[in-house]
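>
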Amino acid sequence: MNTFLTFLVNQIVGELFENAPEIEELGDILVGSNGDDNLQGGDQDDIFLGGNGNDVILGGAGTDVVFAGAGDDTVVGQTGNDVAFLGSGHDRFIWNNGDGSDFINGGKGFDVTEVNGANGAGDEFDLRAVDGQAIFNRLNLGLFTLTNEKIEQFEINGQGGDDSLTVGDLTGSAVQKVVFSGGEGNDVLDARESSTTIEAFGGEGNDFLQGGSAEDTFFTGAGDDIVVGQRGNDTAYLEAGDDRFIWNNGDGSDFINGGKGIDVTEVNGAGGAGDEFDLRQVDGQAIFNRLNLGLFTLTNEEIEQFEINGQGGDDSLTVGDLTGSAVQKVVFSGGEGNDVLDARESSTTIEAFGGEGNDFLQGGSAEDTFFAGAGDDIVVGQRGNDTAYLEAGDDRFIWNNGDGSDFINGGKGFDVTEVNGAGGAGDEFDLRQVDGQAIFNRLNLGLFTLTNEEIEQFEINGQGGDDSFTIGDLTGSDVQSVIFSGGEGNDFLDASGTSTPITADGGAGDDILIGGSGDDILIGGDGADLLIGGAGNDILIGGSGAVSIGFDTGAAFNAADIGTDLIQNFGTTDSIVLDVTVFTALTSAIGGPLSASEFAVVDSDEAAALSDALIVYGANSGNLYYNANGTEAGFGNGAQFATIADAPTLEADNFVVQA
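In my numbering, the protein residues as written are 5 to 663.
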């Protein structure tokens with residue numbers, strides 16, 4: 005009888021499972037009742053007939069064959085290579101470390117295969133479909149294989165140690181869900197090939213959990229964990245530790261709860277296509293959207309930092325108000341392409357990396373940091389005390405009224421710091437070199453300081469109001485030119501302390517523009533303006549009002565210092581102001597016009613040196629000379645000091661003498 009039964013069972017098993025183990029030495033036949041039975045096998049090859057009821061069957065040693073029958077049964081194969089037919093009901097097959105290679109058929113109902121690994125040793129597990137069966141292998145330690153049919157769920161417990169589970173493609177098998185619990189240790193889950201639902205518990209340790217294309221759920225546990233949701237709309241509870249959730253292009257719309265610790269949501273865009281991202285707070289959650297390409301939404305709770313990587317292309321990120329969320333910092337990296345960052349509504353700290361391309365980066369009201377990268381970039385710090393490294397390219401840093409005190413390093417290229425004042429209030433600005441840096445201050449209204457390194461040009465816009473701007477010595481800094489636009493109002497520029505070339509436009513209003521020892525361009529604009537070029541070969545351009553052109557270097561006339569200025573747009577109401585400190589030979593009354601005896605008009609430049617007058621004007625050339633030695637040959641210590649464009653008619657009354 006036993007021989008026949010052994011043959012019969014082996015035949016049944018062989019029909020259902022290819023390569024299944026055979027009973028060699030039949031032991032006990034354990035038959036359950038219609039109730040809930042507990043059946044325990046021995047050391048031989050036992051046969052179990054569970055019958056009805058919710059049975060617990062322990063195979064023992066040997067090659068056991070289990071027919072669990074009806075009911076919600078639990079089968080533990082134990083040692084030996086076992087075969088289990090779980091029958092109808094919601095059944096569970098349990099494999100514990102040290103058990104053999106088993107064959108499991110779930111039958112009807114929702115059935116589970118549970119695997120409990122080698123606590124502390126670190127298991128390397130693999131699960132995938134082969135010929136319609138779900139094949140589970142351990143690839144290290146004691147090798148084993150579980151061959152599964154009609155099993156709807158796997159529950160894999162690492163039990164401590166640095167465990168790994170790879171979940172491959174389970175299409176064609178009955179598996180609907182895989183649950184992985186790593187336990188203590190630094191565990192790895194890789195389900196990238198899978199379209200089956202994943203539920204992962206990282207446990208203690210620094211775990212790396214990657215889902216598949218289904219809607220997966222992650223509970224990372226304690227430790228500094230990394231979760232990559234992959235495709236599908238996933239849910240991640242990062243729990244304790246400094247954790248990171250990674251979204252890659254093509255992934256779904258996910259929910260992330262950071263739990264305790266400093267947690268990061270990382271987004272990697274579409275690499276070359278050009279993403280349009282938006283991040284803002286809604287109902288206490290940080291909501292991240294992509295508004296073009298494949299739309300998605302990341303809903304974030306208790307996430308302290310975002311790291312957004314454009315991955316190339318012309319990317320844009322708008323950071324709205326994040327007040328009420330947990331977000332403390334947003335890091336944006338545009339990559340290659342012409343990227344745009346707009347964080348004007350945000351009070352959250354911004355760190356931006358423009359990458360290659362011509363980028364436009366605007367911060368918010370916090371203390372932001374910018375690394376513009378290669379390309380011709382524009383950085384607007386906005387409110388807060390910001391730091392900008394403009395790096396390679398011809399870049400521009402823009403300060404607008406109300407912004408904070410910023411540090412700017414231009415890096416390579418020709419870089420500009422642009423300042424836009426208080427528009428009507430009247431700014432008092434100061435720029436000079438201190439310890440090799442160009443230090444720009446506002447001395448009234450809202451005080452601020454811009455500390456500049458490797459900046460080649462300043463562009464200062466008063467924006468209206470009675471503005472004043474003093475430019476000190478910039479030697480030792482990298483500044484090569486300064487541009488000043490006063491706008492409306494009575495503006496005052498004093499650049500007498502610098503040799504850096506100045507370009508200044510007073511705009512509307514009665515302006516006073518005093519150049520330095522460089523080759524300056526001074527434009528009066530509308531109003532009654534005073535233009536004093538100072539030393540250097542300057543261009544002095546009158547406006548629509550009565551303009552005074554002054555020549556005052558503060559020292560006796562020296563041709564090398566005073567230069568030869570070009571006066572443009574000189575009108576009949578304009579005047580030339582001669583200071584007796586410079587033109588020491590003049591005896592005309594102070595405050596009055598030039599004496600007729602000290603002024604002459606000649607037809608040629610050659611005749612100028614032969615004139616008896618001290619101030620000589622070439623009617624054809626427009627050249628203006630200081631003939632310091634009077635009747636003697638030559639000009640003495642005088643020389644040509646100006647040319648008036650278009651050579652207008654000039655008389656002694658066009659000059660004013662001052663002390």
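Ideal Cβ positions, reconstructed from N, Cα and C, are used throughout, including at glycine.
Just so it is clear, the structure is predicted and the values come from calculations on it, not from any experiment.
1) Could you check whether I536 and G519 sit closer than 9 angstroms to each other, using their CB atoms as the reference points?
2) Are the beta-carbon atoms of G225 and D211 separated by less than 9 angstroms?
3) Look at the alpha carbon of G368 and the alpha carbon of G339, and state the distance between them as a whole number of angstroms.
4) I312 lies in the beta strand (DSSP E); which residues open and close that run?
5) Tell me the DSSP bridge mates of V551?
6) Taking only runs of the beta strand (DSSP E) that begin and end inside the region 161-247, which ones reach a length of at least 3 residues, in chain order?
7) Cβ atoms of F310 and E270: under 9 angstroms apart, would you say?
8) Under a Cβ-count criterion, where at least 16 other Cβ atoms within 10 Å of its own Cβ denotes burial, should I594 be classed as buried or exposed?
9) Span of the beta strand (DSSP E) holding I108?
10) Which residue comes first and which comes last in the beta strand (DSSP E) that contains D346?
11) So, with DSSP's three-state summary, where would you put S329?
12) Would V661 be called buried (16 or more neighbouring beta carbons within 10 Å of its own) or exposed?
13) Which stretch, first to last residue, makes up the beta strand (DSSP E) that contains D565?
14) Would you kindly report the start and end of the unbroken beta strand (DSSP E) that includes E128?
15) Is the beta carbon of D282 closer than 9 angstroms to that of G233?
16) For a test of the three-state rule: what should DSSP assign to A646, helix, strand or coil?
17) What residues are listed by DSSP as bridge partners for S472?
18) Does DSSP put A508 in a helix, in a strand, or in coil?
19) Buried or exposed for L299, going by 16 or more other Cβ atoms inside 10 Å?
20) Out of curiosity, what's the CA-to-CA distance linking A663 and T591?
21) Which residue wins for smallest C-alpha separation from G361, given the options R348, S350, A396 and V551?
22) Take the Cβ of I33 as the centre, count every other Cβ of all protein chains shown within 10 Å, and call the residue buried at 16 or more, exposed below.
23) Bridge partners for Q366 per DSSP, in chain order?
24) Does D609 come out as helix, strand or coil in the three-state DSSP assignment?
25) Mapping DSSP to helix, strand and coil, what is S579?
26) If you measure between the beta carbons of V344 and L365, is that distance less than 9 angstroms?
27) Rounding to the nearest angstrom, what Cα-Cα distance links V383 and F462 in this structure?
28) Check whether the Cβ atoms of L478 and T453 sit closer than 9 angstroms, and answer yes or no.
29) Do the CB positions of S199 and L174 come within less than 9 angstroms of each other?
30) Evaluate S105 with the Cβ neighbour count: other Cβ atoms within 10 Å of its Cβ, from every protein chain shown; 16 or more gives buried, anything less gives exposed.
31) Any beta-carbon of chain D closer than 9 angstroms to the one on G493?
32) Could you tell me the boundaries of the beta strand (DSSP E) in which F375 lies?
33) Tell me the residue span of the beta strand (DSSP E) that contains F97.
34) I'd like to know whether the C-beta atoms of G265 and D220 end up nearer to each other than 9 angstroms.
35) By Cβ distance, which residues of its chain are closer than 7 angstroms to S500, with the 5 residues on each side in sequence left out?
36) Find out if the Cβ-Cβ distance for the pair T117, F148 is shorter than 9 angstroms.
So, from the listed chains and residues:
1) Yes; because the gap between Cβ atoms is below 9 angstroms, this pair is in contact.
2) yes
3) 21 angstroms
4) For I312, the enclosing beta strand (DSSP E) covers residues Q309 to N313.
5) According to DSSP, V551 bridges with nothing at all.
6) 168-171, 181-185, 192-194, 201-205, 212-214, 221-223, 230-232 and 239-241
7) yes
8) exposed
9) D106 to N109 is the extent of the beta strand (DSSP E) around I108.
10) V344 to D346
11) strand
12) buried
13) Here D565 belongs to no beta strand (DSSP E); instead the alpha helix (DSSP H) covers A563 to I566.
14) E128 to V134
15) no
16) Looking at A646 - three-state DSSP - the assignment turns out to be strand.
17) E432 and F496
18) strand
19) Result: exposed.
20) Their Cα atoms are separated by approximately 11 angstroms.
21) G361 has its Cα closest to that of A396, out of R348, S350, A396 and V551.
22) exposed
23) Answer is D346 and V384.
24) helix
25) strand
26) V344 places its beta carbon less than 9 angstroms from that of L365.
27) Straight-line spacing of the CA atoms in V383 and F462 works out to 14 angstroms.
28) no
29) Between S199 and L174, the C-beta gap is smaller than 9 angstroms, which places the two residues in contact.
30) buried
31) Here chain D cannot be found, since the structure has a single protein chain.
32) T373 to F375
33) R96 to N100
34) no
35) I518, G520 and G538
36) No, the pair does not count as a contact, with Cβ atoms beyond the cut-off.
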